[in-house]
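Visitor: Structure in structure tokens, see below.
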Amino acid sequence: MIIVDRLPSSNVSVGGVSAAIALIEGSTTSCLADSTLAHSVPSLQPWAGRHKFGISLPTGNKDRNKWCYSQDLGKLYLCPNVAVPVNVTLDDWVNANITMTPVFKQSCHRTEPVNRCYNCKSIQNCDPNLAEHLVQVEGEGCEYSFINDRYMVTVPLRPPPPGEVSSTLLIKIMCLTSCVGGPNRRPFCIVLTLRNSVTGEEIGRQILDIKCCKCPSRDLTNDEKSRTPTAPAAPSAEEEKRTKVRKLATEIAVGQKRKRPKIKLEPGTDSRMVNIAVPIEYEAEVKSYINKLIAADLIKKWQPDALMYPEEESN
Ligand SMILES: [Zn+2]
């Protein structure tokens with residue numbers, strides 16, 4: 001809680017939002033926090049805030065060799081310099097902006113800025129002013145800034161187009177996670193900070209875990225596999241359950257077979273019995289009919305003369 005309360009003021013003083021800064025500087029200087037707070041460790045705690053700030057990524061994209069998102073790991077795998085759509089949702093589209101700052105995930109590196117490597121910087125082929133920026137956003141209205149040793153980009157929050165529920169940011173990463181002299185194999189994420197455009201107050205925060213690599217689809221698959229060493233327990237439990245069900249089903253089937261009336265010989269006769277289901281209202285009639293059949297058979301066998309018509313004729 002303390003961190004949440006303190007961060008906005010520290011970030012206001014350093015925030016890369018020139019409009020907000022200008023407003024703040026014009027109105028009051030008390031918001032300009034001291035430099036010790038400016039160096040505070042960035043929070044990696046997602047916080048939807050009162051406007052329910054959220055981000056999401058598509059998972060079913062076709063160009064998975066360029067980027068893909070693991071819902072299970074909550075991690076984006078992407079190639080360098082490939083724009084990935086990040087959907088932003090809010091309960092109400094307040095006058096705000098979003099600042100994206102790359103931050104190392106491991107606490108031992110958290111205070112270090114995540115910079116581009118020398119090699120990638122030197123081959124930046126678009127705007128040379130952006131050469132230092134690891135996180136870049138496609139589209140208009142982006143504001144790139146260098147504050148407190150960190151390069152960051154800020155975009156105004158735009159309400160979604162009619163018929164849509166989310167606004168889309170096209171985010172690019174300009175170095176591999178493995179780039180020596182840059183991230184240098186240290187995992188990092190992007191902190192998306194939502195700030196009130198007028199007051200500069202931090203009103204929401206989301207974290208996007210990143211791996212920038214040459215083969216996103218393969219890395220995602222490997223990571224998902226390696227993350228689930230405990231997973232066999234779950235499937236095996238599931239498998240066990242299935243086996244139990246199968247066994248039970250077999251037992252029931254066998255039981256039913258056992259219960260099924262055995263066709264057996266009546267003692268002293270060669271007739272065999274079978275159980276048949278009879279609607280209860282026909283029970284008496286069926287019994288009576290069976291009696292007639294038995295009587296007819298006995299007469300045929302023992303008193304054929306009692307029959308009015310010879311057997312051949314009756315058939
Ligand atoms: Zn690089």
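Residue 58 in the UniProt record's numbering sits at position 58 of the sequence shown, and the numbers go up by one each step. Heads up, the beta-carbon is just placed ideally off N, CA and C, and yes, glycines get one too.
For SER27, which three-state DSSP category applies?
Guide: In this prediction, SER27 scores a pLDDT of 36, lower than 50, which makes its location untrustworthy; the coordinate-derived value is nonetheless stated afterwards. The answer is helix: DSSP assigns SER27 an H, G or I state.
Visitor: So, with DSSP's three-state summary, where would you put SER178?
Guide: Reduced to three states, the DSSP call for SER178 is coil.
Visitor: Identify which residue in SER288, GLU283, THR177 and PRO216 has its Cα closest to the Cα of VAL103.
Guide: Closest option to VAL103, Cα to Cα, is THR177.
Visitor: Three-state secondary structure (DSSP) at THR59?
Guide: It is coil, neither helix nor strand.
Visitor: Which of helix, strand or coil does DSSP assign to ALA277?
Guide: coil
Visitor: Contact check, ARG205 vs LEU220 under 8 angstroms by CB: the rounded distance?
Guide: Rounded, the Cβ-Cβ distance is 25 angstroms, inconsistent with contact.
Visitor: Run the proximity test for LEU176: is its beta-carbon closer than 7 angstroms to any non-hydrogen atom belonging to ligand 1?
Guide: yes
Visitor: Taking PRO156 as part of the beta strand (DSSP E), name the residues at either end of that continuous run.
Guide: For PRO156, the enclosing beta strand (DSSP E) stretches over residues 150-156.
Visitor: CB of ASN119 to nearest heavy atom of ligand 1: below 7 angstroms?
Guide: yes
Visitor: Among the residues of its own chain, which have a CB less than 7 angstroms from the CB of ARG150, if the five just before and after it don't count?
Guide: Here the set comprises THR101 and PRO113.
Visitor: From this set, ALA48, CYS117, CYS175 and PRO160, which residue's C-alpha is nearest ALA83's C-alpha?
Guide: CYS175
Visitor: Is it buried or exposed for GLU285, if we count other Cβ within 10 angstroms and need 16 for buried?
Guide: exposed
Visitor: Would you say ARG185 touches ligand 1, meaning its beta carbon is less than 7 angstroms from a heavy atom?
Guide: For ARG185, the shortest separation between its Cβ and any heavy atom of ligand 1 does not lie below 7 angstroms.
Visitor: Is the Cβ-Cβ distance between TYR69 and PRO58 less than 8 angstroms?
Guide: yes
Visitor: Got a sec? Which residues, its chain only, sit under 7 angstroms from LYS52 by beta carbon, not counting five neighbours each side?
Guide: LEU90 and ASP91
Visitor: Looking at ligand 1, does it come within less than 7 angstroms of CYS79, judged from the CB to the closest heavy atom?
Guide: no
Visitor: Which stretch, first to last residue, makes up the beta strand (DSSP E) that contains TYR77?
Guide: 75-78
Visitor: Give me, in chain order, the residues of the same chain whose beta-carbon lies closer than 8 angstroms to that of ILE299; leave out the 5 immediate sequence neighbours on both sides.
Guide: ALA306 and LEU307
Visitor: Quick one: what does DSSP say LYS121 is sitting in, helix, strand or coil?
Guide: The answer is helix: DSSP assigns LYS121 an H, G or I state.
Visitor: Between TYR118 and the rest of its own chain, which residues show a CB-CB distance below 6 angstroms, the 5 nearest in sequence each way excluded?
Guide: GLY181
Visitor: What residues in its chain sit with their C-beta under 7 angstroms from that of ARG158, if we drop five residues either side in the sequence?
Guide: The residues are SER167.
Visitor: From what residue to what residue does the alpha helix (DSSP H) around LYS300 run?
Guide: Unbroken alpha helix (DSSP H) run through LYS300: 283-302.
Visitor: Who are the near neighbours of HIS133 in its chain, counting only those whose CB is closer than 6 angstroms to its CB and skipping five residues on each side?
Guide: TYR144 and TYR151
Visitor: Just how far apart, CA to CA, sit GLY54 and TRP47?
Guide: GLY54 and TRP47: Cα-Cα distance of roughly 9 angstroms.
Visitor: Quick one: what's TRP47 bridged to in DSSP?
Guide: ARG205
Visitor: Please classify ILE280 as buried or exposed, where buried requires at least 16 neighbouring CB atoms within 10 angstroms.
Guide: exposed
Visitor: At a cut-off of 7 angstroms, is CYS179 close to ligand 1 when judged by its beta-carbon and the heavy atoms of the ligand?
Guide: yes
Visitor: Mark SER43 as exposed unless 16 or more other C-beta atoms lie within 10 angstroms of its C-beta, in which case mark it buried.
Guide: buried
Visitor: For ARG110, which option in ILE171, GLY49 and ILE190 has the closest C-alpha, if you only look at C-alpha atoms?
Guide: ILE190
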